[in-house]
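For reference, the structure is listed below as structure tokens.
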Amino acid sequence: MTQERRRDPFRVQTGPRLGRRLTRAVALGAGTALLVSGLIFDLFVYVSLRAAMVDDITVQARIVAENSSAAILFSDAAAAGQTLAGLQASPLIEYAELREMLGRKVATYAASGVRTARRTAGPTLAPGAHLFAGGRLYVSQPVREGGREVGSVHLVATLDELHQRVATYVATTLLAGVVAFALAFLLVIRIRRELDDTERKLDFLAYFDPVTGLPNRHAASEQIQVLIETVGRSSDGFALLLIDLDDFKVVNDTLGHGAGDELLKALSARLTQFMRPNDVAFRFGGDEFVILAPRVADRTHQMLLGQAAMLAFDAPLMVGTHELRVRGSVGVAQFPHDAQDAAGLIRAADTAMYHAKSIGKNTYALFDSDMDRGALRRMQLEADLRDAVQRGELRLVYQPIVELASQRLCGVEALIRWAHPELGMVSPVEFIPVAEYSGLIVDIGQWVLHTACAQLKAWSDDGHDQLFVAVNVSARQIRRGLKAQVDAALEATGVDPRRLEIEITEHSMVEDIESNMEQLRALRQLGVQVAVDDFGTGLSSLAYLKRLPIGKLKIDRAFIKDLPASTDDAAIASAIISMARSLGLTVVAEGVETEAQRDFLLAQGCEWVQGFFYSRPVAPEAVTVLLREQLRTGCLTIGPLQVATA
Amino acid sequence: MLRRSQSRPSIWLLALVGVFACARAWAVDEGELKAAIIFNVLLFVEWPADVAPPPGSPMVLCLNPGAALGPALKALQGRELRGTRLDVRDAVPLANAQGCHAAFIDGSDSLRAASPTKAGGVLVISDDMPQASPLAALTLRRAGNRIALDVNLEAARNARLQLSSKLLRVSHVVKE
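Taken in sequence, the protein lines are chains D and G. Going letter by letter, the first sequence gives residues 3 to 648 in this note's numbering. Going letter by letter, the second sequence gives residues 3 to 178 in this note's numbering.
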């Protein structure tokens with residue numbers, strides 16, 4: 003009920019247009035067709051009847067003429083009258099006259115009941131002619147005898163009966179037309195009802211999302227236009243809240259799409275629960291929602307709306323038997339302050355939403371123009387990144403990974419750097435998301451693999467054949483066929499696959515776990531090492547760990563930073579290490595910066611470490627120096643590596 | 003036709019009374035009127051093929067030079083009739099007349115008792131006879147101020163003539 007009320011403010015504006023047009027077309031078409039065909043038919047009947055009547059009366063005139071020649075020749079009025087009296091059998095004939103050649107009447111006949119005024123032969127007609135005038139038919143025929151014209155017969159027939167008959171035809175036609183029209187109309191009404199239903203269904207499909215029952219993106223676009231038109235008239239502006247669920251893919255991938263849909267449904271039911279009745283939610287895309295909040299002008303109001311929207315994520319949602327806690331990021335933008343049109347408004351909300359995501363997700367952000375500048379910078383980065391590989395602006399630096407037990411440099415993690423010609427050094431934290439978003443990550447990833455493998459080959463040729471290189475790959479790279487890319491890089495450089503390590507994040511794994519696992523398994527079969535990066539920050543599901551074909555975990559720097567002082571982090575770190583050991587995995591601790599951290603990890607049995615304590619990421623030449631030093635001394639370089647930072 | 007007409011005697015009585023109820027009555031000369039009637043009668047008679055005027059030949063009306071209607075009839079000389087013309091001739095004696103299609107006899111005809119139409123094929127029209135001639139198929143008769151036409155069908159049959167039913171409708175049949 004509440005739900006219904008909340009959807010009320012948005013109504014599909016379009017009525018059943020097709021049905022109305024069909025009814026109108028049928029009414030007009032059928033009506034005109036029936037009327038025109040009926041009238042044509044009636045006209046045809048009228049003309050035919052008139053022609054038949056002329057024929058009929060002419061024949062009678064001829065019969066009279068044939069039988070009255072003697073009467074005319076002998077001026078026998080009685081015989082002539084007798085002949086004319088035979089016309090009584092023809093009810094149409096009102097008056098008849100026989101004339102001699104000189105025009106003298108020999109005999110006349112008038113049907114009973116014909117007024118005296120009508121007892122006239124009418125206008126003078128040439129013998130053999132006929133004339134319709136004044137509702138009567140005048141027919142004249144010559145009387146001949148012995149090849150000589152001896153007189154004429156004149157018949158006058160009433161058209162009343164013909165007119166009555168035609169009127170009857172017209173009435174019948176109209177009646178039949180009305181009946182046919184009524185039947186057609188009944189049929190049309192039935193069709194129209196079906197059409198209206200279909201149209202309503204189509205409208206529903208066009209304007210509503212079948213999964214959540216919320217109005218869809220199309221509806222949102224229209225409603226935005228409607229709201230834009232109210233600005234300046236009945237409102238000072240309105241707000242658009244763009245909501246994107248965080249990690250929704252995880253739900254879909256782990257619990258199935260059915261559960262994902264259930265979650266969306268459950269969430270959509272409460273999206274506007276904490277908002278005003280006039281705030282309407284729309285499903286904008288896969289896991290994106292839009293809430294349109296009319297009559298919102300100031301930023302305080304927008305903040306309240308953002309908070310109200312976030313309330314929807316507070317309570318866990320029940321999906322089947324699972325209790326799920328969904329998180330979302332909300333971007334708020336206001337019209338007309340933040341944009342001049344609908345597209346701009348959505349873009350602004352989108353920018354704010356990404357900002358909310360970038361500041362840690364599960365929060366909301368109001369749009370401001372600084373964000374737009376950020377978005378502009380992202381657009382510039384994306385444009386420039388396309389050419390960065392060709393222009394050689396990208397390069398790799400390597401951070402040493404040290405084996406704690408032996409204190410030897412055993413591997414390096416390849417890290418990307420971008421020297422932008424105008425902006426200077428651009429942080430991977432900034433450009434990697436852009437590359438991910440734009441899809442450039444695939445090309446860049448390929449370049450990274452090649453470059454890292456080529457470097458590895460160079461080190462291997464230099465005698466450091468036990469060194470490994472860890473390369474980070476993105477989810478998108480895995481999806482686009484990581485195996486093929488790795489194969490290509492290995493083939494091109496000829497390095498030992500066992501010396502290559504692929505680092506993946508938990509997030510990138512869970513997006514399409516089945517396909518990813520297949521790829522990783524194939525890599526493992528080649529001998530390539532697979533490590534899970536930033537372990538502990540994502541879902542950290544033990545079920546994943548068991549299923550994934552991995553050999554190494556990298557504990558995220560977040561858990562190392564406060565070691566050993568933080569007992570929580572200490573507990574987490576030692577738990578991860580012991581768990582990894584029992585699963586047969588080795589562990590790398592990232593972000594080791596102090597000796598105390600190093601000692602703690604050593605004590606916990608962590609095999610590998612990397613961090614500023616040993617070395618920052620450095621240029622490959624610096625690594626070469628270290629490696630050569632290590633090789634030359636036969637011993638390892640103990641303690642922090644003293645090398646120039648990259 | 004005849005049987006039918008006889009079955010309705012009242013109509014024929016009416017016809018007879020009304021016959022030749024010319025509005026003109028005697029405004030014209032009685033002789034001319036009779037001549038016109040005789041001329042018109044010729045329209046309604048069919049001659050047997052052997053005596054009918056061949057194409058191009060006139061229809062011959064013979065009369066006693068002394069006949070009272072002689073001048074009136076002769077005035078019709080050459081008039082077009084049924085696609086040919088009328089030839090009015092004096093025939094003496096009328097009984098010997100050859101090539102006549104019609105013969106007019108009246109009281110002045112001394113040969114009125116003779117039978118000029120033994121061979122048949124001649125329409126005898128009589129007028130003003132004290133006693134009807136058995137040879138005359140048609141007889142003009144005064145009836146009040148009108149001229150009536152009596153038909154003797156037996157005479158017509160004997161003369162092998164066919165009288166049109168139209169003529170019979172305006173005539174009085176005196177002998178079947």
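Cβ atoms here follow ideal geometry from the backbone N, Cα and C, with glycine treated the same way. Computed from a predicted model, the values in this text were never measured in an experiment.
Tell me, to the nearest whole angstrom, how far the beta carbon of residue i is from that of residue j; I am working on the premise that it is less than 8 Å.
i      : j      : result
D/P619 : D/Q401 : 4 Å
D/L229 : D/L294 : 6 Å
D/V282 : D/Q225 : 7 Å
D/F615 : D/V594 : 5 Å
G/L151 : G/A158 : Actually they do not touch by this definition, with Cβ atoms about 13 Å apart.
D/A186 : D/A32  : 5 Å
D/H156 : D/A109 : Their Cβ separation, rounded to whole angstroms, is 11 Å, which puts D/H156 and D/A109 out of contact at 8 Å.
So is residue i in contact with chain G if we call contact Cβ pairs under 8 Å?
i      : result
D/G88  : no
D/L104 : no
D/A72  : yes
For the candidate residues the options, whose alpha-carbon lies nearest to that of residue i?
i      : options                        : result
D/I74  : D/R52, D/Q457, D/S154, D/R482  : D/S154
D/A490 : D/R202, D/C455, D/E516, D/R195 : D/C455
D/A335 : D/S429, D/A182, D/A221, D/I348 : D/I348
D/T495 : D/W461, D/I506, D/V321         : D/W461
D/L216 : D/F240, D/A186, D/A268, D/S237 : D/A268
D/R121 : D/A128, D/V158, D/L89          : D/V158
D/L161 : D/F134, D/F187, D/L406         : D/F134
D/G465 : D/E231, D/P551, D/R630         : D/R630
D/T25  : D/D300, D/L188, D/L265, D/L177 : D/L188
G/I40  : G/N154, G/A104, G/S167         : G/A104
D/R379 : D/V428, D/I403, D/G346         : D/V428
G/G101 : G/V53, G/Q133, G/G72, G/A38    : G/V53
D/E151 : D/G137, D/P129, D/T174, D/I191 : D/P129
D/P212 : D/V141, D/V252, D/G287         : D/G287
D/T596 : D/L565, D/S77, D/A241, D/R117  : D/L565
G/R171 : D/H339, D/F183, D/G83          : D/G83
D/M103 : D/L89, D/R117, D/F76           : D/F76
D/L89  : D/D58, D/L127, D/R117          : D/D58
D/I403 : D/V450, D/G394, D/G413, D/R397 : D/G413
Does any CB atom of chain D fall closer than 8 Å to the CB of residue i?
i      : result
G/G85  : yes
G/L45  : yes
G/A39  : The sequence given here has Ile at residue 39 of chain G, not Ala. Taking Cβ atoms only, chain D reaches closer than 8 Å to G/I39, which makes this a yes.
G/N147 : no
G/V21  : Per-residue confidence for G/V21 stands at a pLDDT of 42, beneath the threshold of 50, marking its modelled position as unreliable; the derived number appears in the next sentence. G/V21 counts as touching chain D.
Any heavy atom of the ligand SAH inside 7 Å of the beta-carbon of residue i?
i      : result
D/I562 : Here there are no bound small molecules, and the ligand SAH is not part of this structure.
On the three-pair Cβ rule with 8 Å, is the segment 342-359 of chain D touching the segment 253-271 of chain D? no
With 8 Å as the limit, tell me which residues of the segment 155-172 of chain G have their beta carbon closer than that to any beta carbon of chain D; keep them in chain order. S166, K168, L169, R171, V172
Name the residues in the segment 125-156 of chain D whose C-beta lies less than 7 Å from a C-beta of chain G; which are they? E147, G148, G149
Using a Cβ-Cβ cut-off of less than 7 Å, give me the residues of the segment 74-100 of chain D that come near chain G, in sequence order. L75, F76, S77, D78, A79, A80, A81, Q84
Taking contact to mean 3 or more Cβ pairs, one atom from each stretch, closer than 8 Å, check whether the segment 499-506 of chain D and the segment 475-488 of chain D are in contact. yes
Just by C-beta distance, which residues in the segment 53-77 of chain G are closer than 9 Å to chain D? none
Just checking, does the segment 473-484 of chain D make contact with the segment 442-450 of chain D on the three C-beta pairs under 8 Å criterion? yes
For the pair the segment 358-376 of chain D and the segment 270-286 of chain D, tell me if three or more CB-CB distances fall below 8 Å. no
Inspect the CB distances between the segment 62-69 of chain G and the segment 96-104 of chain D and report whether three or more fall short of 8 Å. no
Count Cβ pairs between the segment 132-147 of chain D and the segment 59-71 of chain D that sit closer than 8 Å; are there 3 or more? yes
Check whether the segment 389-399 of chain D and the segment 602-614 of chain D are in contact - that is, three or more C-beta pairs closer than 8 Å. no
Would you be able to state if there are at least three C-beta pairs under 8 Å between the segment 324-341 of chain D and the segment 238-253 of chain D? yes
Would you say the segment 523-537 of chain D touches the segment 552-566 of chain D, given that touching needs at least three Cβ pairs under 8 Å? yes
Assess, as a yes-or-no matter, whether the segment 307-322 of chain D is touched by the segment 195-207 of chain D under the definition of 3 or more beta carbon pairs within less than 8 Å. no
Can you find at least 3 beta carbon pairs, one from the segment 167-185 of chain D and one from the segment 109-118 of chain D, that sit closer than 8 Å? no
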